[in-house]
């Protein structure tokens, strides 16, 4: 596009049609010109020549973002006085260049007088009828704005817009390259200065070290002796801590055993009462038999003997029940672990859950829990490390009961404390889930749940080793996993999973 002039009037645009090959050659030359630009001055020259050659706008300027000044700087301008250039640069962010820079969108005003939204302009000595602003970009980064203006309406057509976009992309590539080089050079200078400073400081330190070498050697020797003495003390303290920790762990085992004993005392008391009562009754019946034998009342003797036999059967039945309870306690309390026992794992889960629950009830007779079970028949006869599994079960169920106790004190009357036990055999691995509808576990507590000595119970109510021991047993001894899922004030579920030693009938 070129410029013509009417008689007595200002210059008006004249469209000149050029062959496409000529345009392509000129665009290639334009790109080559920008590619050779290596400084801000060369970039300004290339940009100005491109506008003059391809568009010929009466007024134009290239605004580039200056990160140090945090503003748009005019790299060059055409048609501005010095004062106008200074004012345009000062107010750029408040006018069209700033709006285009922030939005990244082109702004084309074909006729200022017909622009319903109005226009903003810095004071200048010439009138403007049409404007065109296009962002200068490199990839997705906005680096500046190219602005064109003309005293003629509809001065800039689609071809001008396309050419200006092309010029802006070329300018963006060059400006980004210049910025990168400047930043690289600045970084190199800073690195060099830092290296020189570090080298100077190192030389100073070396000189100081040489001057005070003997004194330092004496201080190092004294410090070494002090550290050796402290190391000896620390080793002794560490041994004492380890012994104390072992004692605490043993105390936790005894506390766990104490929970079982409370439940077992309740379980044993009832069958022993039956044994005592039926034994006393049998003694009385035998006395009556003796009297009847003297009277030779055969029918009455037979009836009394039948009652005695029934009583003895009941004595035997309840004695066996007490014996089984005591056996469970001994199995849990036995010091030596790691042995596998063939058992009905479902029964083990059910009985140890009941023992843990009744141990809690022994301390709080008002506490009741609905214990539900969902057991896998495939676990009716399996070999498991019974002692370890029992300890884990007692700890987890005791914790569940504690959470239920806490929530029951605050919940409405219709709240029903519930523990749900389930067992599954999946791909040769035992999975035991213990779920309660208690207080749940807060996220900040959950992160430390298996840490030794961490507890949410009141002082004197827990050592903080129960879950830590359970985790060590499941993960380290059984080679399994202990996971927990929870929603605060809804539920908490612990899932124990470990490989099965051998199923009944397995190899």
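Residue numbers (our numbering): 2 to 508. Here a beta-carbon is modelled for each residue, glycine too, at the ideal position from N, C-alpha and C.
Figure out for me which residue from the options has the closest Cα to the Cα of residue i.
i           : options            : result
residue 443 : 31, 489, 467, 423  : 489
residue 103 : 79, 110, 71        : 71
residue 366 : 468, 406, 62       : 406
residue 475 : 100, 457, 455, 500 : 500
residue 93  : 57, 199, 148       : 148
residue 555 : 434, 485, 412, 432 : Outside the displayed range of the chain (2 to 508) lies residue 555, so it cannot be described from this structure.
residue 466 : 232, 409, 453, 39  : 453
residue 382 : 166, 137, 426      : 426
residue 73  : 84, 96, 57, 53     : 96
residue 164 : 281, 135, 288, 300 : 135
residue 107 : 167, 67, 213, 80   : 167
residue 48  : 131, 63, 483, 309  : 63
residue 341 : 86, 67, 479        : 479
residue 57  : 191, 80, 176       : 80
residue 361 : 429, 403, 397, 306 : 403
residue 483 : 84, 394, 36        : 394
residue 435 : 369, 364, 412, 357 : 357
Does DSSP put residue i in a helix, a strand or coil?
i           : result
residue 344 : strand
residue 60  : strand
residue 279 : helix
residue 291 : helix
residue 139 : strand
residue 27  : helix
residue 35  : helix
residue 442 : coil
residue 493 : strand
residue 320 : helix
residue 241 : helix
residue 456 : coil
residue 500 : strand
residue 384 : strand
residue 448 : coil
residue 131 : strand
If I follow the unbroken beta strand (DSSP E) through residue i, where does it start and stop?
i           : result
residue 158 : From DSSP, residue 158 is part of no beta strand (DSSP E); its letter is neither H nor E.
residue 77  : 72-79
residue 371 : 371-375
So residue i is in the alpha helix (DSSP H); what residue range does that whole segment cover?
i           : result
residue 511 : Limits of the chain in this structure are 2 at one end and 508 at the other, which puts residue 511 out of reach.
residue 54  : 41-55
residue 399 : 387-411
residue 98  : 97-104
residue 113 : Segment: none, residue 113 is in no alpha helix (DSSP H) and carries neither H nor E.
residue 88  : 83-91
residue 429 : No alpha helix (DSSP H) holds residue 429; DSSP gives it neither H nor E.
residue 470 : 467-473
Apply the 10 Å Cβ neighbour rule to residue i and answer buried if 16 or more other Cβ atoms are within range, or exposed otherwise.
i           : result
residue 140 : exposed
residue 182 : exposed
residue 142 : exposed
residue 472 : buried
residue 61  : buried
residue 417 : exposed
residue 388 : buried
residue 216 : exposed
residue 359 : buried
residue 1   : It is not possible to answer for residue 1, since the shown part of the chain is limited to 2 through 508.
residue 433 : buried
residue 192 : exposed
residue 206 : exposed
residue 310 : exposed
Taking 8 Å as the CB-CB cut-off, is residue i touching chain C?
i           : result
residue 410 : The chain inventory of the structure shown lacks chain C, comprising one protein chain alone.
Legend entry - alpha helix (DSSP H) segments (min. 4 residues) lying fully within the stretch 158-223: Every alpha helix (DSSP H) of 4 residues or more that sits fully in the stretch 158-223 is shown, in chain order, as 159-212.
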